[in-house]
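As structure tokens, the structure follows; a few thoughts come after it.
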Amino acid sequence: MNYTQTLEFLFNQLPVFEKTGASAYKPGLERISEFCRVLGNPQRNFFTIHVAGTNGKGSVSHMLASILEQAGYRTGLFTSPHLKDFRERIRVDGEMIPKQKVVNFVDKHREKMVDLKLSFFEMTAALAFDYFAQSDVEVAVIETGLGGRLDATNVIVPIVSIITNIGLEHTALLGDTHAKIAAEKGGIIKKSIPVIIGEGDERYNSVIEAIAAENRSRVIYAEQEFICEEANDNSCEQCISLRRVRDQYLYDVRLDLMGHYQRKNLVTVATVADFLHESTPLTISRRAFIEGLQSASKQTSLLGRWQVIGENPLTICDTGHNAHGIRYVAEQLGAVAYEKCYCVMGFVRDKALPEILPLLPTTAHYIFTAADTNRAVPAAELCELAAGYGLKGEVVEKVEEAVARARELATEKDLIFIGGSTYVVGEAM
Numbered sequence: 078m079n080y081t082q083t084l085e086f087l088f089n090q091l092p093v094f095e096k097t098g099a100s101a102y103k104p105g106l107e108r109i110s111e112f113c114r115v116l117g118n119p120q121r122n123f124f125t126i127h128v129a130g131t132n133g134k135g136s137v138s139h140m141l142a143s144i145l146e147q148a149g150y151r152t153g154l155f156t157s158p159h160l161k162d163f164r165e166r167i168r169v170d171g172e173m174i175p176k177q178k179v180v181n182f183v184d185k186h187r188e189k190m191v192d193l194k195l196s197f198f199e200m201t202a203a204l205a206f207d208y209f210a211q212s213d214v215e216v217a218v219i220e221t222g223l224g225g226r227l228d229a230t231n232v233i234v235p236i237v238s239i240i241t242n243i244g245l246e247h248t249a250l251l252g253d254t255h256a257k258i259a260a261e262k263g264g265i266i267k268k269s270i271p272v273i274i275g276e277g278d279e280r281y282n283s284v285i286e287a288i289a290a291e292n293r294s295r296v297i298y299a300e301q302e303f304i305c306e307e308a309n310d311n312s313c314e315q316c317i318s319l320r321r322v323r324d325q326y327l328y329d330v331r332l333d334l335m336g337h338y339q340r341k342n343l344v345t346v347a348t349v350a351d352f353l354h355e356s357t358p359l360t361i362s363r364r365a366f367i368e369g370l371q372s373a374s375k376q377t378s379l380l381g382r383w384q385v386i387g388e389n390p391l392t393i394c395d396t397g398h399n400a401h402g403i404r405y406v407a408e409q410l411g412a413v414a415y416e417k418c419y420c421v422m423g424f425v426r427d428k429a430l431p432e433i434l435p436l437l438p439t440t441a442h443y444i445f446t447a448a449d450t451n452r453a454v455p456a457a458e459l460c461e462l463a464a465g466y467g468l469k470g471e472v473v474e475k476v477e478e479a480v481a482r483a484r485e486l487a488t489e490k491d492l493i494f495i496g497g498s499t500y501v502v503g504e505a506m
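Each residue of the sequence shown is one higher than the one before, counting from 78 in our numbering.
So, in structure tokens, the structure goes:
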């Protein structure tokens, strides 16, 4: 098979959550464990850092990977979903896995993958582990796909686990309360392996602490370790004063990721980097920390996080797609100066729209659309539902045409925002 045929096999022959939703979710570690044994357990050949959470885990993973690369380590990065290219999911030192490596892996293991009835995500995770081992990776940052306890990535034994935060998402699969979802995401906690919590909350702290206690694992709350004291931004970076609590040391950080919500992720990342330096075989110098953050987006090619994709009118996209994430997006929209805001918005069906839609500004003009996925809410249906929350606009079925319509309506002094779904952002870009 060539690369195009290989991707067609992966996306069409095996279930893909991004396309079909819950029907592609195959909880349990039996299949991935067996397949990793066939591969020689490549995930044991390098240090790993495991990242779970409702929001921010992608940004945290990319920032950590950039810092580790600046520290001189050959670094693997496994994230999902991708926006434009499947190979975005698997990187070594910022470079995507070569197409031929994907083809060779599938050619070699296709029969076994079909025999084990692996999900798309299980296959992709195994591909990442195998490629990292072949590439002599020293440390890999591994982002969970969905949940944690039964996620395919949970076959790793990391040197630290991270839970960025917990919100209500994928409730049909993970549970309908913060406590139930915390129990699933807390399943990444391993025996005697510390876990770092990015954003603590009384609704789930006790659940995580109970799991950690059972595993004799230390719980570290990032917000008790570092504080963002002052922050401002310019056209290309945020300038942040970050204080370490234990000794009051002040870091002057320049971060090339623009969303204000990244300041919360920065506190998590700083805590992880400090822990790695103080308590593991890895050495993270102050220089590596500072330079890694300043080039995080550039080094790892992180896309879709409050990303400016056009000027005159200012055009911004963001992949925030649940109530927890949309709240931060709405707050930052309110802080931007513009005459009128045009929002190109589309969502997928498993999102809690009655919780999300009231967060969006009623003063904006909405262009409701739908990404090319079976999971998308039809644009007309979304428009009708949004009207009940005071959101007014029009329907343009295809994302590309919706973006063009926004550009047709907007003047140079207006703002175009594109979001609601990772898939809408991916198609817009």
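The beta carbon of each residue, even a glycine, is placed where N, CA and C say it ideally should be.
On a predicted model such as this, the values are computed, not experimentally measured, just so you know.
Proximity below 7 Å, CB of residue i to CB of residue j
i: residue 487; j: residue 495; result: no
i: residue 131; j: residue 243; result: yes
i: residue 314; j: residue 333; result: yes
i: residue 202; j: residue 229; result: yes
i: residue 220; j: residue 109; result: no
i: residue 126; j: residue 232; result: no
i: residue 299; j: residue 284; result: no
i: residue 147; j: residue 477; result: no
i: residue 207; j: residue 119; result: yes
i: residue 418; j: residue 443; result: no
i: residue 139; j: residue 359; result: no
i: residue 275; j: residue 345; result: yes
i: residue 434; j: residue 407; result: no
i: residue 64; j: residue 151; result: Residue 64 lies beyond the residue range present for the chain, which begins at 78 and ends at 506; the question has no answer from this structure.
Local Cβ density within 10 Å of residue i, reported as buried at 16 or more and exposed below that
i: residue 99; result: Residue confidence for residue 99 is low, a pLDDT of 46 falling below 50, so the modelled location carries little weight and cannot support an answer.
i: residue 105; result: exposed
i: residue 224; result: buried
i: residue 501; result: buried
i: residue 422; result: buried
i: residue 95; result: Low confidence applies to residue 95: its pLDDT is 49, below 50, so where it sits in the model is not reliable, and the reading given next is rough at best. The residue in question, residue 95, is buried, as its Cβ has 16 or more Cβ neighbours within 10 Å.
i: residue 102; result: Interpretation of residue 102 is limited by its pLDDT of 49, a score under 50 that renders its predicted location unreliable; the figure taken from the coordinates is listed afterwards. Buried is the call here.
i: residue 326; result: exposed
i: residue 134; result: buried
i: residue 306; result: exposed
i: residue 489; result: exposed
i: residue 262; result: buried
i: residue 498; result: buried
i: residue 268; result: exposed
i: residue 460; result: buried
i: residue 165; result: buried
DSSP beta-bridge partners of residue i
i: residue 113; result: Partner(s): none; residue 113 has no beta bridge.
i: residue 394; result: 384, 495
i: residue 153; result: 169, 217
i: residue 328; result: 319
i: residue 123; result: Residue 123 pairs with nothing; no bridge assigned.
i: residue 142; result: Answer is none; residue 142 lacks a bridge partner.
i: residue 453; result: 425
i: residue 273; result: 239, 297
i: residue 129; result: 240
Element boundaries [beta strand (DSSP E), containing residue i]
i: residue 386; result: 384–387
i: residue 546; result: Absent from the structure is residue 546, since the part of the chain shown begins at 78 and ends at 506.
i: residue 310; result: 303–310
i: residue 422; result: 418–422
i: residue 469; result: 469–472
i: residue 238; result: 237–240
i: residue 405; result: Not the beta strand (DSSP E): residue 405 falls in the alpha helix (DSSP H), residues 400–410.
Whole-number beta carbon distance between residue j and residue i, since they are thought to touch under 8 Å
i: residue 123; j: residue 210; result: 7 Å
i: residue 80; j: residue 180; result: 5 Å
i: residue 381; j: residue 154; result: With a Cβ gap of about 16 Å, residue 381 and residue 154 do not count as contacting.
i: residue 136; j: residue 342; result: 5 Å
i: residue 266; j: residue 292; result: 5 Å
i: residue 424; j: residue 454; result: 5 Å
i: residue 394; j: residue 384; result: 5 Å
i: residue 227; j: residue 112; result: Actually they do not touch by this definition, with Cβ atoms about 15 Å apart.
i: residue 318; j: residue 310; result: The Cβ separation is near 13 Å, so there is no contact.
For residue i, the first and last residue of its enclosing alpha helix (DSSP H)
i: residue 445; result: No alpha helix (DSSP H) holds residue 445; the beta strand (DSSP E) holding it covers 442–445.
i: residue 232; result: Run containing residue 232: none; DSSP gives neither H nor E here.
i: residue 413; result: From DSSP, residue 413 is part of no alpha helix (DSSP H); its letter is neither H nor E.
i: residue 208; result: 197–211
Near the ligand MG: residue i beta-carbon under 6 Å from a heavy atom
i: residue 185; result: Among the ligands in the structure shown, none appear at all, so the ligand MG cannot be discussed.
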